[in-house]
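In our numbering, the protein residues as written are 38 to 167.
This is how it looks when you write it as structure tokens:
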């Protein structure tokens, strides 16, 4: 829900690597009251349709979407089976329409704002986006 197209364009033009922190969405922010349980791209129909077409999971589709945008994805999982699944992204591609449809889900919605997250979790204040 936060594609940052202009930032990606700038970084790619300047040959800067862009990491995607929490590329699978906001579910880890729900217990911190920084997101709702419904704030997940994994339940979006366009993601489910691409998963069905490719025989992959919705999570793999979203991670692949990031890779095809030349973004370094950093998914988090403590489950070994999900870690293995997160690595199985190189035997399929998303077509142009799927890429566009997933990109169109953008809401400019930032879940990991250090100005909020660092203060809630670590007790330090870092409003870097202000």
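Using N, Cα and C, we set each Cβ at its ideal position, and we do this for glycine too.
Status (buried if at least 16 other CB within 10 Å, exposed otherwise) for residue i
i           : result
residue 20  : Here the chain comprises residues numbered 38 to 167, so residue 20 is not present and cannot be evaluated.
residue 77  : buried
residue 88  : buried
residue 101 : buried
residue 93  : buried
residue 54  : exposed
residue 73  : exposed
residue 56  : exposed
Rounded straight-line distance, which links the Cα of residue j to that of residue i
i           : j           : result
residue 158 : residue 41  : 25 Å
residue 112 : residue 121 : 11 Å
residue 69  : residue 156 : 11 Å
residue 65  : residue 51  : 32 Å
residue 164 : residue 106 : 27 Å
Which listed residue (the options) has its alpha carbon closest to that of residue i
i           : options         : result
residue 138 : 125, 62 and 83  : 83
residue 95  : 126, 134 and 67 : 126
Start-to-end residues for the beta strand (DSSP E) that takes in residue i
i           : result
residue 165 : Unbroken run through residue 165: none, as it is neither H nor E.
residue 58  : 56–58
Supposed close pair residue i, residue j - CB separation, criterion 8 Å
i          : j           : result
residue 99 : residue 151 : About 23 Å separates the two Cβ atoms, so there is no contact after all.
residue 81 : residue 142 : 6 Å
Residue i: first and last residue of the uninterrupted alpha helix (DSSP H) it sits in
i           : result
residue 117 : 117–124
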